[in-house]
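For reference, the structure is listed below as structure tokens.
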Amino acid sequence: MEKCDIIISGVGGQGIVLASRLIATMALRKGYKISTAETIGMSQRGGSVVSNLRLDSHRKGSLIPKGQANVIIGFEPAEAYRYNEYLNKDTKVLLNSNPIYSSSKTPENEIYSKKEVIKIIELFDKNNTLTACNFNKMALEFGNLKTMNIMMIAIACFNNYLPFSVDELNSTIKEEMPSKIKDINLKAVEFAINNFEKYANINSNNVIKI
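Listed below in structure tokens is the structure:
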């Protein structure tokens, strides 16, 4: 059983806590020992949120050391960039390219344009295995923005960024989620896998589009 140290970052309201708990549940079902730590800053106002998940055959400290993340799942580009010191040459990055102004970033004090998003994508793409996609746009076209977090976890499983299959994800959703949101999330998983390339930011020729 290989260890997997995962950082999930974004802003409050994006469903990061639910996503991290879903991953933790899959890990427990597969026999991993888990250590977790969450930092939630003014989450109801869109403040920064980060979750550390450490999956291994034995328990360890809950915070991932710099340079040792196996996977970074960035729900927001600038929030993902905050954790670039945790990267190494083997780190896999899944990035939602849709920018959000958190409580610490406003149009008045920081220019946050498409060019800035492209710079962040280029940074990750140059040094790491990267999957970048506008998951917000995908979820909106699906018809429910709240499923964006589930779509990101689905693609992380589908692309082998996480040590779980899509079937394991679906099984966990069926058994762990409340019945009123179970079906919509199962459909969101299927939609994400079938439509991912349509919203991807890097095409087969390695050209970035926003």
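Per the UniProt record's numbering, the sequence shown runs over residues 1 to 210. The beta-carbon is built from N, C-alpha and C at its ideal position, and this holds for glycine as well.
Around the Cβ of Asp125, a 10 Å sphere holds 16 or more other Cβ atoms; the residue is buried. If the five residues before and after Phe158 are omitted, its C-beta is found closer than 7 Å to the C-beta atoms of Val166, Ile193, all from its own chain and listed in chain order.
By the CB criterion at 9 Å, Thr131 and Asn185 fall outside the cutoff. Residue range 179-199 is occupied by the alpha helix (DSSP H) that includes Ile193.
Per the coordinates, the alpha-carbon of Lys119 lies some 36 Å from the alpha-carbon of Lys33.
Annotation: the continuous alpha helix (DSSP H) that includes Leu123 extends over 114-127. Residue pairing from DSSP places Ala132 in a beta bridge opposite Leu95. When DSSP reads this structure, Cys4 sits in a beta bridge with Leu55.
Closest by C-alpha distance to Val11, out of Lys30, Tyr81, Glu85, Arg59, is Tyr81. Residue pairing by DSSP places Ile73 opposite Ile8, Leu94 in a beta bridge. Counting of Cβ neighbours within 10 angstroms places Leu63 among the exposed residues, the total staying below 16. Counting C-beta pairs with one atom in each stretch, the region 20-33 and the region 82-100 have fewer than three that are closer than 8 Å, which means they do not touch. Contact check for Ala19 against Ile153 passes: the beta carbons are separated by less than 9 Å. With distances taken between CA atoms, Lys114 lies nearest to Ala78 out of Asn88, Ala78, Tyr83. Selection Ser171, Ile16, Arg54, Asn127 evaluated against Leu87 yields Asn127 as nearest (Cα-Cα). In terms of CA proximity to Ile100, Ser48 leads the group Glu122, Asn144, Ser48.
A Cβ-Cβ distance of about 11 Å is found for the pair Val71 and Ser9, leaving them out of contact under the 8 Å criterion. Across the set Tyr161, Gly143, Phe135, the C-alpha of Tyr161 shows the shortest separation from the C-alpha of Ile7.
Ser165 carries a coil assignment under DSSP once its states are collapsed to helix, strand and coil.
Short of 8 Å from the beta carbon of Ile173, and not among the five residues preceding or following it, lie these beta carbons of its own chain, in chain order: Leu22, Ile150, Lys182, Asn185, Leu186, Val189. Note on geometry: alpha-carbon atoms of Glu122 and Asn195 lie some 23 Å from one another.
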